[in-house]
Amino acid sequence: MADIIKLLPDHVANQIAAGEVVQRPASVVKELLENAIDAGATTIKLIIKEGGKILIQVVDDGMGMSATDARLSFERHATSKIQKAEDLFNLNTKGFRGEALASIAAIAHVEMQTRPESEELGTHIKIEGSKIVFQEASVTPKGTSMAVKNLFFNIPARRNFLKSNQVELRHITDEFHRVALAHPSIAFHFYNNGNELFNLPSDNYRKRIVNIFGSRTNQKLVPVEEETPIVKIKGFITKPEFAKKSRGEQFFFINNRFIKSPYLHHAVVAAFEGLIKSDSYPGYFLYLEVDPSSIDINIHPTKTEVKFDDEHSLYAILRSTVKHSLGQFNVAPALDFEHDPNLQTPYEFKDKSAVPPKVTVDAGFNPFQETKSPSPSPASRSYQKQSSGNWESLYVGLESKMGTDDEPGSISFESDTITGSIFEGEKETTEAVTTTFQIRRKYIVTTIKSGMVVIDQSRAHQRVLYEKFLKNSTVKQGVSQQLLFPLHLSFSKSEINALKEIQDILVSIGFIFENIEGESITVTGVPLLVAESEVGMILDQLISDYQQEVTDDSFSHTDILSKTLAKTLAVKTGETLDNASQIALVNDLFACKESMVSPFNKPVYITITENDIDKKFI
């Protein structure tokens, strides 16, 4: 029998490995940024064009590489991070597999310029699909510049499955946030299509968080710190009142490496139990330091999944630490039944010493001296209460003042306004049509000829508002109400960029923005159905939904925002509706183009016929 097992060529093996290592442009950004950090860089620049499809470039001022190292770095399993198997249990670097550069070079055009500080000339290498185009000496600054162009140029299927530029940029921004938050001592610069998105100087953890997520984040943060023989925990959690409906600002870092851990996330959520709603998620930025030998990072090529030796102890310590911080900074209310609030010293009197009271004595006071009470003045006598005698005297002579026509029975009193009907029988017709009532402040029941209809009031209102907003934004006739005082709101840079992208759609719905600059916006008008107090919350939700479901189609943008507005402003379960509101909601629902399902494809109502009721009594 002929031998059928053959060794794959290097370029084929590299393309297979690239399927796991490089999933999208954000994967390339992660690998290149981590290599720059491992090289000891103090300043890193990230340059992106067209969502990373055209160009991903990372420039650092690290140690650089010699000509031999530069060429060898693109070989599979070539790395400077580990030398033997035992090193896997004591990892202090980001990379260690030696697959990233080889995988990237197999599916893109890669250009690298690098120079170590000890040499005068650097190395310039170009690789296209694992093939070296040229390698030559060049004049270049100390450090390394990696440019990845035309990603997936030789794998059309993978390139066609990439999302829009906005979606890919959002994933790149997420990876950039994770790396920048883990290393606040390194300065980062992020450019997209020639525009600077982030300029992060070297700073501490708190200021790095504020620089990334905006100045308003500073008031949300509660410090967390604990040191035990098992783990050292530090970082910040957000106050319960700033919990969000979506998973957003949630970051775990183990030994300065971002990880995803549902188990540890549950520990944090358990610490917030009773302080936030069940459908809300707390924000946190937690940095954990553990013994490298007690964790296993070599589980997945992305290195975001980690296994711990003692997960249960880590869970208990993390939960207790977060709970302690919530109580220590008076975020969670403390119960002390033996505490007397009258003995608590106010802050303004904390540093003041006690002052003896001043006592004055009237030396001429004689307690036995008689004094005559002064006579009341005429003005005071005029207002003195007079005795009116017996109460029956008030009615004496009343009969003589009343005539014969002024009998008590003939006196006319003002009565309630009588609202009559112009046409006969209209009252009975109205009562027959408007037979509606509410059940448990959740469902509206109305009668029809064949039986009755049970309507979910929240979903029905969502459908009505959704079609209304969609119509207004499509025909560009959104009605807005002017605010007496403009609202000034603060957002992070990424949120401001998202807001600029959907500004035209928001204006067509009814929002009016005076200016959008830096990290603040000014709102001067809102849609008719939006309350002024809800504007900030609604814009937060709109931005969050848009960032999670960005598409190329402008109609899809409008659809997403209309759904978010409808869900936010709709009548909630538990709200009591009067009879007129119930009738109006029923009429508006059945006037919609699609009344059977909500904007989120959930049933709005069910019909119960008379036969269905009869079957229950068989």
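Be aware that the sequence shown starts at 1, since it is given in full-length UniProt numbering, and climbs by one per residue. No residue lacks a Cβ here, since even glycine has one placed at the ideal position from N, Cα and C.
State the DSSP-derived secondary structure class of residue i, mapped to helix, strand or coil.
i    : result
N193 : coil
T360 : coil
M537 : helix
A432 : The pLDDT assigned to A432 is 45, lower than 50, so where the model puts this residue is not dependable, and the model offers no usable value.
K245 : coil
E501 : helix
V306 : coil
S325 : helix
N515 : strand
P603 : strand
P223 : strand
L585 : helix
E532 : helix
I44  : strand
D545 : helix
D406 : Because D406 sits at a pLDDT of 49, beneath the cut-off of 50, its placement in the model cannot be relied upon, and the point is left open.
L469 : The displayed chain sequence assigns Phe, not Leu, to residue 469. Residue state, collapsed to three classes: helix.
G425 : Low local confidence applies: a pLDDT of 49 at G425 is under 50, so the model's placement there is unreliable, with the coordinate-based value given in what follows. Coil at G425, not helix or strand.
T558 : helix
D578 : coil
L8   : coil
Q462 : helix
D61  : coil
Q15  : helix
D3   : coil
S238 : Rather than Ser, the amino acid found at residue 238 in this sequence is Thr. The answer is strand: DSSP assigns T238 an E or B state.
E370 : coil
D69  : helix
T114 : strand
Could you give the C-beta distance for residue i and residue j, rounded to a whole number, given that I count them as a contact under 8 Å?
i           : j    : result
Y191        : L197 : 7 Å
P25         : L151 : 6 Å
I233        : L286 : 7 Å
K500        : I516 : 6 Å
I212        : S202 : Actually they do not touch by this definition, with Cβ atoms about 14 Å apart.
K442        : T573 : 5 Å
residue 619 : A182 : In the structure as shown, the chain begins at 1 and stops at 618. Residue 619 is therefore absent and cannot be evaluated.
A70         : T140 : Actually they are not in contact, since the Cβ atoms of A70 and T140 sit about 11 Å apart, beyond 8 Å.
L275        : P240 : 4 Å
L577        : A460 : About 11 Å; that fails the 8 Å criterion.
K149        : H189 : 20 Å between Cβ atoms; not a contact.
T609        : S450 : 5 Å
Return yes when the Cβ of residue j is within less than 9 Å of the Cβ of residue i, no when it is not.
i           : j    : result
N53         : N165 : According to the sequence as given, residue 53 is Lys; it is not Asn. Closer than 9 Å, so yes.
V22         : E34  : no
G62         : A41  : yes
R319        : A270 : yes
V306        : I254 : yes
residue 630 : L484 : Because the chain is modelled from 1 through 618, residue 630 falls outside the range shown and cannot be assessed.
K593        : E467 : yes
D60         : K49  : no
S520        : F491 : yes
V530        : Q457 : no
T446        : I455 : yes
A147        : Q57  : yes
T123        : S80  : no
L506        : L561 : yes
G51         : E75  : no
S138        : L121 : yes
E226        : H312 : no
Going by DSSP, what residue range makes up the alpha helix (DSSP H) through residue i?
i    : result
M452 : That residue, M452, is in no alpha helix (DSSP H); its beta strand (DSSP E) goes G451 to D456.
E50  : Careful: E50 lies outside any alpha helix (DSSP H) and carries neither H nor E.
K616 : E610 to K616
R257 : Run containing R257: none in the alpha helix (DSSP H); it sits in the beta strand (DSSP E), R257 to I259.
H77  : Segment: none, H77 is in no alpha helix (DSSP H) and carries neither H nor E.
E31  : P25 to D38
Y263 : P262 to A271
L101 : A100 to A106
Looking at the unbroken beta strand (DSSP E) that takes in residue i, where does it start and where does it end?
i           : result
L489        : S480 to S490
S520        : S520 to P527
E594        : Per DSSP, E594 belongs to no beta strand (DSSP E) and is neither H nor E.
residue 621 : Lying outside 1 to 618, the shown extent of the chain, residue 621 is not represented and no answer is given.
T228        : That residue, T228, is in no beta strand (DSSP E); it is neither H nor E in DSSP.
Q250        : Q250 to I254
V445        : Y443 to I448
L286        : Y284 to E289
Runs of alpha helix (DSSP H) lying entirely within the segment 162 to 218, each at least 4 residues, in chain order: 165 to 182 and 205 to 213
Quick check for students: name the residue ranges of the beta strand (DSSP E) that lie wholly in the segment 116 to 166, counting only runs of 3 or more. 122 to 128, 131 to 138 and 143 to 149
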